[in-house]
Amino acid sequence: ASQSPMITTPPNPPNPPTHSPSDFTLPSAYRPGDAEPRITQAWDEAKPFHADPARVLSGEAKPYCIFIPPPNVTAALHLGHALNNTLQDILARAHRMMGFETLWMPGTDHAGIATQAVVEKRVWNEERKRRHDFTREAFIDKIQAFKDEYEKTITEQLKVMGCSCDWDRQRFTMDDQCAAAVREAFFRLFRDGLIYRGKRLVNWDPELRTAVADDETDEIEIDTAFYYMRYPLVHSPDEQDESPTSGQRGSRPRRATWGELALRGYPGANRNTPGEQAWVTVATTRPETYLGDAAIGMNPHDPRLKALEGLWVELPFVGRILPIVADDYVVLPKAMARSEEEANDPKAEYATGFLKVTPAHDQNDYDLYFRRKEQIDRNSTGTGLINVMAPDASISDKFGWTDVGDAGLFLGLSREETRKQIVAKFKAEGWLEGTKPYKQTVKISDRSKSIIEPYLSDQWFVKVTDPRMAQTANTALVKEQRSAEQQRSRVSDEGQGAGDGSMSFHPARYARTFEHWHDNIRDWCISRQLWWGHRIPVWSRDVHVGEIEFLREELGDWLKQTRIVAFGPGGHTDTPVDCRGLLHVCVRDSGDDQITEFLKAHGFHQDPDVLDTWFSSALWPLSTLGWPEPTAFNAESNKGLLEAFNPSSVLCTAREIITLWVSRMVMFNRYLRSDGATERRSDEGKDTPSASSSSSAQCPVPSASARPGPPPFHNVFIHAVIQDGDGRKMSKSLGNGVDPRDIIESHGTDAMRFTLTQMATNTQDVRLPVVLDPKTGKNSSTKFDAGRNFCNKLWNASRFALTILRRPLGTSPLGTSPLRGETASRSDAPTQLIDRWMLSRLHAGVRDAEAALANYEFANYAQTLYDLLWRDFCDWYIEGIKPTVDSSPRQRAVLAHALETIVRLLHPVTPFVTEAIWEHLRHVEIDRLDGFDLSPSRKGGLLCTAGWPRLADSLHDDDAEREFERLRSLITAIREVRAQHNVHDKRKITLHTPAAAAAILSIINAPSAGGGGLVQTLAGLESVSTAAPEEGSCVSFRFEGHELFLSNLADAVDAGTEKARLEKLIADLTKSITTMNGRLNNAGYIAKAPPKLVEESKAQLAKAEADLDAARAQLAGLS
RNA sequence: GGGCGGGUAGCUCAGUUGGCUAGAGCAUUCGCUUUACAUGCGAAGGGUCCCGGGUUCGAGUCCCGGCCUGCCCACCA
């Protein structure tokens, strides 16, 4: 019961099929549920999607390759994915049919933080256990099981969607092959000085205790306050105070008094008691970080700055002495604003002109600190970057804070509690000047929703700011898509890389997003404090100076063999923060037990962190093809894969990951495939610079002449994002994600695909209102009815054509013709108007479909085929040939060619229904028509490997199109009259055409294959007469300037209906005449518009006026 | 704050270099169970092309300004 009993063709017949024409019947509606499983199975068995690199390398076929954007294994796919993959499949299938050796590489992404978070949540819900209740290995096993589950679901979804991926090559970003690529890439970047260890402020999630990327955060507005805190002013730290106050430790610098400041000309100083301790007031939203202050910042134009020269501030309770530094970043208070703009700065409202600079806890302060580093370090008793927090954001002196002083009471408190305590303490001591309510925007973590702490921590970075990275990404763009500025800057460096200028975005506007990102890029933090991901292959330990030489000796051979690289004390000049004391060893091969045993034995520890997910994603175009070892896995099938298919043809994705993913793939592909990198590979082990010579020699950098390699793809197609009915992006977290399988169940795969393709316009977003069926609990949308109806239309048109084409042959000479093939008989070129017209429409259809695909205009591709199938082929051609096709072998040939062309053109978007039709169509005997190249299937007799239709330009026929258009107008005019007079469809009426209207008669009497003419057929005419109608039951209408009549509409024509019809006609014509007159009375129009347009306008006016006169006359005759 | 989109029929959207009376699908109305298809056929109604200026013989389309809306990036624009 699962399969249609009508289908008798085995899915994959090894020999010419045994197909009996006599049992030919098909259900009257297309049933996707019957066809899809059978066809999927046929594809699975014949493996028509398995790409053969040998055909590319031998020059036998050109490559066409798409890498799937690997879906995250966190959840099942939704309609956004369905769109994404449908478009890829259309490209893959079309190019496969066009003869390209096509590889669509499937796979999934491990999605580090997202997956781990989902599993942590699940484990908590099910077992009430946290990650740390398990060993690392045990927890990873749990995630692995989860991943297996969703990877299976995703693969299943892609298969039911009909995706023609090369399933034998499916990858996962954490499988062995991808892991090997990750390690090799890491190793090379490490060796080449493009990976470094640094202390940086990262977005820290104190709850998950991990760094998160900017895009893993959200912003929210919270109600908080500006706190105004006073810091005492002091003299030089060298000038000791003789009478230390209270219990401050040791000696302190001499305090500055308001009296002194008054003498220095400090504005407003004499408002205070002369002998009293002078202070400055900082404004801050984060009092708790004051413990880590490194300096006080002032605007260089602040009038108070000069009076404070030679003074410092002392950090209350801590006792740290801080310098006052001038920097433009500091906002002047509103009262001191020097311009409208400064006064309008919202910060000016709250500013005091004194900024506490806390580099370890604020990004802006961090930047300011590095601008003024020398000045601050020289003048402070602190140590610059002072981190006062533990990873859980509690106050701690274990992570870089040494001069705790009298602030020990805050240790161990949470950041929230610390704020309260500090404010209270300042207040108690009289150092709190006040507070002001403030709405602050803060970042929160996507996952835990806790407030992000800018946190100074040790992280690994990829130096993407290096010209070898960011710059080569931009130079990959085609010239037309590069900004003028960028193009100029290229003039200076003519060392063109292999892939320079070969990558385009579609639509082109996205090139600007891409370029701009690289112009402003920051180094990429790649370490994540997670368990789920690629472990960082670096082993580290503290080394004493004396040990270094010994270790280098021990490691020397391995360094020479490039099984490891190392950097350590003093080895990395690019590291922004000194990492003196640590030796880092990067191990190339994770299975290198000899080395790892040695490292363990000598006190090295492997970095516990894993790599950012995007690191492995960035390698996707390489790792999936077996880089760096093209023959390492399944040597038979993978050999030469990289050479054959990288660079690929196109990447299809959504705009949101242009920066996250596209950019990084381009940088990595170009760097890792640079000719320098290739040379080094072949040199390995022979001439690597000696490891013991110097630390910098341990990190050989590619020569300056190394030319960047190709980009990973030549085209980047950015498609629209599917939103729900309320304009929200479809996503699992919003709960509005619709499973494509729900749509497939209700409408069928092809219907879903066709509708999505129709929606793939050039815009940013498309809305898809979806409703939940309360009965089934599944989502659906009437939007997909359009696709379902379309597939059904195709099915029925095919059913009709197949019935005709398979009919017992009788009078037809087809009976003697062989099966389709080289020896099939040829049909003479059709001479009938409708056939010539159909062939011309097919030619245009192929041309337009190809153009749309070439330009990634998927909606146009769908629309072209919709019109070709429904409007041209079904509405006009099939309806028009019904009376004649049975007796005309030539017309049968046209019918067959038309259907086959359409089926082939549609296969990429509706693969199942076309393949189901193909099962029958491919056995049909037809006479061959000149001008058609419909090459046979290459594998298993399946349509998916049959040739793309190639139609000769000779099929294009302007005359036929023009004449047919006239015919259509006439038919439509008659139908209009019929509808208005409610003439029953079956009633045959008579058309009266004056004998003088030769042009009209010529189309009416155009050559026909026997039977009645087209007008008779399509307008429901009994006959056409040149005689005038009898008085009475007839209606006149005008066509091409002649008065024509229809008679026998009814026993008596209703005068009221006719009157209404004429009145409307008169109104329309009057409006048209007014428009035309206005235009033609405009002297400028006559003088400047193209003469052709003017002539057309005049002709239209004349025609409209004549028609108007006639209509008025008729109306007068009625009353 | 910057950048990029969108605003056209009740709904979802087309509209290529400025030029026929601005189109399609769905929905609505009327008529058709015509032997491929009622998931269909024929026909109809329905639009201040967001607003205001400008260029032009002519603007949905080009330019300027504004309003609404979405996305992306943010000391770097």
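For reference, each letter of the first sequence is one residue, going 1 to 1119 in our numbering. Even for Gly, the Cβ is constructed at its ideal location relative to N, Cα and C.
| query | What whole-angstrom Cβ distance do LEU456 and ASN364 have, given they're in contact under 8 Å? | reply | The Cβ separation is near 14 Å, so there is no contact.
| field | Beta-ladder partner(s) of PRO323, from DSSP | value | TRP312
| Using the C-alpha atoms, what's the distance from ARG522 back to LYS427? | Approximately 41 Å between the Cα atoms of the pair.
| Outcome for LYS479 when other beta-carbon atoms lying within 10 angstroms are tallied against a minimum of 16 | exposed
| task | Can you give me the Cβ contacts of TYR877 inside the same chain, cut-off strictly under 6 Å, excluding the 5 residues immediately before and after it? | result | MET838
| task | Return helix, strand or coil for ASP34, following the three-state DSSP convention. | result | helix
| said: Taking a contact to mean a Cβ-Cβ separation below 8 Å, would you say SER674 touches HIS714 in this structure? | reply: no
| TYR228 beta carbon less than 8 Å from that of THR418 | no
| Residues in its own chain within less than 6 Å of SER969 by CB, not counting five upstream and five downstream? | none
| Cα-Cα separation, VAL894 to ASN789 | 25 Å
| request: Put MET298 into one of helix, strand or coil per three-state DSSP. | output: Collapsing the DSSP output to three states places MET298 in a strand.
| task | Evaluate contact between the region 87-107 and the region 930-948, counting only Cβ atoms and requiring at least three cross-stretch pairs below 8 Å. | result | yes
| request: Using a threshold of 8 Å, state whether the C-beta atoms of VAL913 and LEU802 are closer than that. | output: Their beta carbons are not under 8 Å apart, which means VAL913 does not touch LEU802 by this criterion.
| When you compare each of GLU965, PRO1029, THR972, LEU1018 to THR990 by their alpha carbons, which one comes out closest? | PRO1029
| message | Going by the DSSP bridge assignment, what does ARG264 pair with across the sheet? | response | Beta-bridge pairing links ARG264 to no other residue.
| query | Going by beta carbon distance, what residues of the same chain come within less than 8 Å of SER483, once the five residues before and after it are set aside? | reply | ARG512, GLU515
| request: Please state whether DSSP places VAL491 in a helix, a strand or coil. | output: Residue placement at VAL491 is poorly supported in this model, since its pLDDT is 44, which falls under 50; the coordinates still yield a value, given next. VAL491: helix per DSSP, three-state reduction.
| query | So, is GLY310 buried or exposed, given that buried needs 16 or more other C-beta atoms within 10 angstroms? | reply | Exposed, by the Cβ-count rule.
| said: Suppose you measure from the CA of GLN594 to the CA of VAL721; what does that come to, to the nearest Å? | reply: Computed Cα separation, rounded: 50 Å.
| query | Beta carbon of LEU869: closer than 7 Å to some heavy atom of the ligand PLP? | reply | Inclusion of the ligand PLP in the displayed structure is not the case, the ligand content being empty and no account of it being possible.
| field | Proximity winner among PHE461, THR901, GLU429, HIS981, relative to ALA1060 (alpha-carbon distances) | value | HIS981
| field | Closest residue to GLY412 among LEU91, ALA390, LEU432, ARG1079 (Cα-Cα distance) | value | ALA390
| request: Go ahead and pull the three-state DSSP assignment for CYS944. | output: helix
| said: Can you give me the C-alpha to C-alpha distance between ILE39 and ALA46, rounded to a whole angstrom? | reply: Annotation: ILE39 to ALA46 spans about 11 Å, alpha carbon to alpha carbon.
| query | What residues match up with MET752 in a beta bridge as DSSP calls it? | reply | Beta-bridge pairing links MET752 to no other residue.
| If you draw a straight line from the C-alpha of ALA797 to the C-alpha of LEU1065, how long is it? | 36 Å
| task | In the DSSP assignment, find the unbroken alpha helix (DSSP H) run with GLU629 in it and report its ends. | result | Where GLU629 is concerned, there is no enclosing alpha helix (DSSP H), given that its DSSP letter is neither H nor E.
| query | How many Å lie between HIS361 and GLU374 at the Cα? | reply | Those two C-alpha atoms are separated by around 19 Å.
| field | Counterpart residues of ASP109 in DSSP-defined beta bridges | value | Under DSSP, ASP109 takes part in a beta bridge, and its partners are ASN72.
| said: If you reduce the DSSP assignment to three classes, tell me which class TRP460 lands in. | reply: strand
| field | Member of ALA852, LEU905, ALA854, SER887 whose CA lies at the smallest distance from the CA of LEU869 | value | LEU905
| query | Mind pulling the beta strand (DSSP E) runs of 3 or more residues that sit fully within the region 107-165? | reply | none
| message | Going by the DSSP bridge assignment, what does ASP933 pair with across the sheet? | response | ASP933 is bridged to ARG950.
| task | Tell me, please, which residues DSSP counts as bridged to ALA654. | result | HIS719
| said: Only counting the same chain, and skipping five residues up and downstream in sequence, which positions put a Cβ closer than 6 Å to that of THR435? | reply: ALA225, TYR227
| For the putative contact between ALA1104 and SER1072, defined by C-beta atoms under 8 Å, what is the C-beta separation to the nearest angstrom? | 5 Å
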